[in-house]
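Residue numbers (UniProt numbering): 1 to 198.
From the three backbone atoms N, C-alpha and C, an ideal C-beta is built for every residue, glycine too.
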Amino acid sequence: MREPGGPAAQSPADAGAPRHEPRVELRPLRRRDRRAFIRLRDQNWEWLRPWEAVDPSADAPASSAAVFRSLRRSDRLGSTATLAVEVEGRLTGLVMIGPMMWGAVSTAPIGYWIEESAAGCGVMTRALRLALDYCFEDLALHRVTAQIQPSNTASLRVAHKVGLRREGLLTGSMHVNGAWRDHLLLAVTAEEHRPLNP
């Protein structure tokens with residue numbers, strides 16, 4: 001486990017992963033995942049579009065190749081940890097942790113998505129439980145937060161199942177699908193978290 005209070009000496013995405021549950025593996029996103037990531041995101045873009053944050057100054061949403069490069073770059077810098085969700089050896093979704101803040105706050109936001117064909121099967125719930133174990137046990141974070149649009153009921157269900165509680169409403173907090181959208185703020189602390197294998 002990482003000593004609390006500062007970033008890991010190695011990339012956070014490499015600390016303690018992978019993690020397993022029946023049928024589901026959570027592991028660091030690797031360079032070799034590029035082709036599978038691009039294919040997965042492109043095939044599911046219409047499914048993801050209503051929820052994915054987009055830079056309002058950009059002429060168009062970033063390409064999947066550009067998103068992959070950005071994720072890998074921030075992981076190498078140690079500010080984020082991007083974890084691949086695999087089901088029976090196939091890339092099915094992502095969990096993104098960060099940017100991480102250390103010291104007196106020791107916190108990070110978490111985001112996640114799954115391909116449309118795997119939605120509603122419990123995969124994302126299992127993956128997010130693994131990710132929270134990783135956040136608190138390996139990264140030694142004290143608090144993890146998530147921002148979710150009120151209309152994204154599926155994502156809210158997943159968040160509640162793994163123990164994130166609602167803290168408030170953030171007005172116009174993120175630019176998504178052409179407009180500044182309100183998001184619910186949810187959070188869980190290390191003291192509140194119930195690990196899979198205590």
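Please return the same chain residues whose Cβ sits closer than 7 Å to the Cβ of residue i, not counting the five positions on each side in sequence.
i: Pro4; result: Here the model assigns Pro4 a pLDDT of 48, short of 50, so the residue's position is not dependable and the matter cannot be decided.
i: Val54; result: Pro61, His175 and Val176
i: Ala119; result: Ala154
What residues are listed by DSSP as bridge partners for residue i?
i: Gly98; result: DSSP, once it has assigned bridges, lists no residue as partnering Gly98.
i: Pro109; result: Thr145
i: Gly93; result: Val85 and Ile114
i: Thr189; result: Arg143
i: Val176; result: Ala53 and Ala179
i: Glu21; result: Val24
Taking Cβ to Cβ, would you say residue i is nearer than 8 Å to residue j?
i: Leu186; j: Thr145; result: yes
i: His183; j: Phe136; result: no
i: Val161; j: Thr125; result: Position check: residue 161 holds Lys in this sequence, whereas Val was assumed. Yes; because the gap between Cβ atoms is below 8 Å, this pair is in contact.
i: Gln149; j: Leu170; result: no
i: Arg90; j: Leu29; result: no
i: Ser74; j: Gly98; result: yes
i: Val24; j: Val158; result: no
i: Phe68; j: Arg39; result: no
i: Met96; j: Ile110; result: yes
i: Trp180; j: Gly172; result: yes
Would you please state the rounded distance, in angstroms, between the beta carbons of residue i and residue j? I believe it to be under 8 Å.
i: Arg19; j: Leu26; result: 5 Å
i: Phe37; j: Ser64; result: 7 Å
i: Thr92; j: Glu86; result: 6 Å
i: Ala131; j: Leu164; result: At roughly 11 Å, the Cβ-Cβ gap does not stay under 8 Å, so Ala131 and Leu164 are not in contact.
Tell me which residues share the same chain as residue i and place their Cβ nearer than 6 Å to its Cβ, disregarding the 5 neighbours each side in the sequence.
i: Arg129; result: Val162 and Leu196
i: Glu191; result: none
**Request:** Give, in chain order, every unbroken run of the alpha helix (DSSP H) that is at least 4 residues long and sits entirely within the stretch 124–173.
**Result:** Runs of the alpha helix (DSSP H) inside the stretch 124–173: 153–161.
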